[in-house]
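For reference, the structure discussed in these notes is given below.
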Amino acid sequence: MQVSLSISNSKTETKVQSNGKWKLLRNGLLFLATLILFDQLIGEMIHYLYFKQKAGPGAETTFTFTKMNEDAIILGSSRGRRNYNPNIIADSLKISCYNAGHDGQTIFYEQAIIRMALSRYTPQLVIIDLNPEEMYYKDIHYDRLNVLAPYYGDESEVRDIYLLKGIRDRNKSDGVVVYPSSEAAQNFWMTHGAMEEWSLPVNYEKVKMSSKIYRFNSSILDIMAGIYKNRKSESGFKPLKGVITEQKAQELIRENAELRNQEGKVVDNNKIQGLEEMLSNLTSKGTKVYVTMSPALAPFSMEPSYEAIINVCKRYNVPFKDYSQDMSYNHLSYFFDNHMNKDGANLFTSRLASDIKKTFFTPTVAVLK
Numbered sequence: 003m004q005v006s007l008s009i010s011n012s013k014t015e016t017k018v019q020s021n022g023k024w025k026l027l028r029n030g031l032l033f034l035a036t037l038i039l040f041d042q043l044i045g046e047m048i049h050y051l052y053f054k055q056k057a058g059p060g061a062e063t064t065f066t067f068t069k070m071n072e073d074a075i076i077l078g079s080s081r082g083r084r085n086y087n088p089n090i091i092a093d094s095l096k097i098s099c100y101n102a103g104h105d106g107q108t109i110f111y112e113q114a115i116i117r118m119a120l121s122r123y124t125p126q127l128v129i130i131d132l133n134p135e136e137m138y139y140k141d142i143h144y145d146r147l148n149v150l151a152p153y154y155g156d157e158s159e160v161r162d163i164y165l166l167k168g169i170r171d172r173n174k175s176d177g178v179v180v181y182p183s184s185e186a187a188q189n190f191w192m193t194h195g196a197m198e199e200w201s202l203p204v205n206y207e208k209v210k211m212s213s214k215i216y217r218f219n220s221s222i223l224d225i226m227a228g229i230y231k232n233r234k235s236e237s238g239f240k241p242l243k244g245v246i247t248e249q250k251a252q253e254l255i256r257e258n259a260e261l262r263n264q265e266g267k268v269v270d271n272n273k274i275q276g277l278e279e280m281l282s283n284l285t286s287k288g289t290k291v292y293v294t295m296s297p298a299l300a301p302f303s304m305e306p307s308y309e310a311i312i313n314v315c316k317r318y319n320v321p322f323k324d325y326s327q328d329m330s331y332n333h334l335s336y337f338f339d340n341h342m343n344k345d346g347a348n349l350f351t352s353r354l355a356s357d358i359k360k361t362f363f364t365p366t367v368a369v370l371k
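FYI, in this note's numbering the residues of the sequence shown are 3 to 371.
Put into structure tokens, the structure is as follows:
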């Protein structure tokens, strides 16, 4: 009798444990389903608000991606945004012009703009401002690809550019798997981060983008500001007012010299490929492309990234001009900081428009024989 009771208790305990495990599993699945539902619903709400912005960086990016249709486009980082007045280009060349420069961005953002533009229309002229320093590999440039995250679900053209954030200097691959970099493969023990590359061969950005909230991570305040604030620009141009002091200028010149003399800088192949794609696609469509380096406090010098830019331009027969070497702009009265002020930008853009007109828009005079 005692044996029978013992067996019965044992079965009851087993059943209770089984039920407990099932409840735990069930509750876990319910929690996961609730979390996914919450993520998708809240993400959709933020997505709706994001595209309701009237001003600010998000609204400007949305405009350039979906509505920009000007004949001429100016591209670049903050130097492109501050140093080029599109209205002067428009007046001089008799075509419409928009400045699509974006603070802190690099060739990746410009590559996305060109893809989106060409999916809708073919511009007549594209001016690309390049800073040699931006063409080196830097982690922060990949971090800034967050600017493309809100468009990941809507615009297929930007997805593989955004996913570079999870690949960086590693070898690309299709799907989620990312192979280790060439350095990690060839010299495992001497390559920083090689262990992580081999043990975690996954592009986690592709996994993370299944979350709709993640696409708008830390941007809700900017979104609300973009909805309620009304900040206007002059066809994308955001000029700076004021003149740099001699002391500040010397300080920035020293900082620029230190930056250019840093050791171990590597030209980023992803950026070179991005530039090649832009020039190839634009020139094949008949778009005139003009690559420039706008005036700077300290002239740019011949270095690996500078040479790489020149070589790509030659490959696609695209005019390249470095205005940082032009000493006629070597006056502090033309600068606000590392960027030109409005007076300097207007002067430079006027001369740039003249050079572009001579290069592309001067009619050929037939020679009578």
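Note that beta-carbon positions come from the ideal geometry of N, C-alpha and C, so glycine has one too.
The secondary-structure analysis by DSSP pairs cysteine 99 across a beta bridge with Ala74. Going by DSSP, phenylalanine 67 is part of no beta strand (DSSP E) but of the alpha helix (DSSP H) stretching over 59 to 68. Phenylalanine 322 has Val293 as its beta-bridge partners, per DSSP. Of the candidates Leu334, Ala151, Gly60 and Gln264, Ala151 places its Cα closest to the Cα of glutamate 207. In this structure, the straight-line span from the alpha carbon of serine 296 to that of leucine 354 is close to 9 Å. In the DSSP assignment, isoleucine 229 falls within the unbroken alpha helix (DSSP H) covering 222 to 230.
When secondary structure is reduced to three states using DSSP, leucine 277 falls in the helix class. With a cut-off of 8 Å on Cβ pairs, the segment 138 to 148 is in contact with the segment 100 to 114, counting three or more such pairs. Between aspartate 270 and phenylalanine 302, the gap from beta carbon to beta carbon reaches 8 Å or more. Within the segment 100 to 166, complete beta strand (DSSP E) segments of at least 3 residues are found at 127 to 131, given in chain order. For tyrosine 292, same chain residues with a beta-carbon under 6 Å away, outside a window of 5 residues either side, are Ile129, Pro321 and Ile358 in chain order. The DSSP-derived three-state label of methionine 329 is helix. In the DSSP assignment, glutamate 236 is bridged to Phe239. The three-state secondary structure of valine 204, taken from DSSP, is strand.
In this structure, Ile44 is the residue among Ile44, Thr36, Lys25 and Asn29 with its C-alpha nearest to the C-alpha of lysine 214.
Inclusion of tyrosine 336 and methionine 342 in the CB contact set at 8 Å is warranted, their separation being smaller than that value. Here DSSP, grouped into helix, strand and coil, assigns valine 209 to helix. Exclusion of the five residues before and after arginine 81 leaves Asp131, Asn133, Ser296 and His341 as the residues of its chain whose Cβ lies within less than 7 Å of its Cβ.
Rounded to the nearest whole angstrom, the C-alpha separation of glutamate 157 and serine 326 is 36 Å. Taking a C-beta distance under 8 Å as the contact criterion, glycine 228 and lysine 69 do not qualify as a contact pair. Per DSSP, valine 180 has no beta-bridge partner at all. Here tyrosine 100 is near glycine 238, since their CB atoms are less than 8 Å apart. Annotation for glycine 82: the continuous alpha helix (DSSP H) segment containing it runs 80 to 85. The residue from Ala300, Cys315 and Lys267 with its alpha-carbon nearest to that of leucine 284 is Cys315. Excluding the 5 residues flanking it on each side, isoleucine 311 has same chain C-beta neighbours closer than 6 Å at Leu132, in chain order.
The beta carbons of alanine 251 and leucine 334 sit closer together than 8 Å. In this structure the segment 84 to 100 does not touch the segment 113 to 121; the number of beta carbon pairs closer than 8 Å is below three. Its chain contains Tyr123 as the residues whose beta carbon lies nearer than 6 Å to that of asparagine 71, once the 5 sequence neighbours on both sides are disregarded; these appear in chain order. Classified as exposed, methionine 304 has fewer than 16 neighbouring CB atoms from the shown chains inside 10 Å of its CB. Contact check for phenylalanine 218 against tyrosine 50 fails: the beta carbons are separated by 8 Å or more.
Residue pairing for methionine 342: DSSP places it in a beta bridge opposite Phe337.
Among the bridge pairs identified by DSSP, valine 245 is matched with none. Here phenylalanine 350 has Asn85, Tyr86, Ser296, Pro297, Tyr325, Tyr331, Tyr336 and Met342 as same chain residues with Cβ atoms under 8 Å from its own Cβ, once five neighbours each way along the sequence are excluded.
Boundaries of the alpha helix (DSSP H) around valine 314: 306 to 317. A distance below 6 Å between beta-carbons, with the five flanking residues on each side excluded, links arginine 170 to the following residues of its chain, in chain order: Tyr144. Under DSSP, valine 269 takes part in a beta bridge, and its partners are Tyr138.
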